[in-house]
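Asks:
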Amino acid sequence: MTEAVENRVAGFLGLCMRAGQLTSGQEACVDAIRRGNAKIVFLDEGASDNTKKRVQDACDAHEVALYTLSEGTLGWCIGKSGRMVITLPEGNMATKLLTQLDGEPRL
Numbered sequence: 003m004t005e006a007v008e009n010r011v012a013g014f015l016g017l018c019m020r021a022g023q024l025t026s027g028q029e030a031c032v033d034a035i036r037r038g039n040a041k042i043v044f045l046d047e048g049a050s051d052n053t054k055k056r057v058q059d060a061c062d063a064h065e066v067a068l069y070t071l072s073e074g075t076l077g078w079c080i081g082k083s084g085r086m087v088i089t090l091p092e093g094n095m096a097t098k099l100l101t102q103l104d105g106e107p108r109l
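Residue numbers for the sequence shown follow this note's numbering, so the first one is 3 and each next one is one higher.
1) On the premise that L71 lies in contact with C18, defined as a C-beta separation below 8 angstroms, what is that separation, rounded to the nearest angstrom?
2) Can you give the beta carbon distance from I80 to C31, rounded, assuming they're within the 8 angstroms contact cut?
3) Apply the 10 Å Cβ neighbour rule to A49 and answer buried if 16 or more other Cβ atoms are within range, or exposed otherwise.
4) At a Cβ threshold of 7 angstroms, is L103 touching chain D?
5) For the alpha helix (DSSP H) that T4 lies in, which residues bound it at each end?
6) Going by DSSP in three states, L2 sits in which element: helix, strand or coil?
7) Could you give the first and the last residue of the continuous beta strand (DSSP E) run that contains L45?
8) Would you mind reading off the limits of the alpha helix (DSSP H) that contains L76?
9) Count the other C-beta atoms from every protein chain shown that fall within 10 angstroms of the C-beta of D46, then say buried if there are 16 or more, exposed otherwise.
10) Beta carbon of A67, beta carbon of I42: below 7 angstroms?
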């Protein structure tokens with residue numbers, strides 16, 4: 003993901019956080035994916051291998067879009083340091099974000 007796209011996504015994720023549209027944290031996000039409440043998942047590059055594998059497997063099993071952001075970006079953009087995974091549920095915000103990410107490589 004290019005730096006310009008990543009900056010736009012980070013700003014948009016901050017807006018989603020303020021709107022109460024995000025789920026953050028590994029356990030909560032994996033549960034949201036399994037329940038079908040996640041449309042897009044973002045993973046921090048600094049996440050542990052176990053976290054990456056767990057989230058990747060859940061996304062593959064439930065056909066959820068998974069993208070990675072640079073290390074530290076997720077926690078910074080949502081104002082909660084140390085967060086490695088966030089999900090965005092189905093809705094207008096997710097649709098808008100997917101249009102911004104169109105053509106970007108998924109994990």
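Glycine included, each C-beta is placed from N, C-alpha and C at the ideal position. Since the structure is predicted, the reported quantities are computational estimates derived from the model, not experimental observations.
Replies: The short version:
1) Actually they do not touch by this definition, with Cβ atoms about 14 angstroms apart.
2) About 12 angstroms; that fails the 8 angstroms criterion.
3) That one is buried.
4) No chain D is part of this structure, which consists of one protein chain only.
5) No alpha helix (DSSP H) holds T4; DSSP gives it neither H nor E.
6) Residue coverage of the chain in this structure runs from 3 to 109, which leaves residue 2 outside it and unanswerable.
7) I42 to D46
8) T75 to I80
9) buried
10) yes
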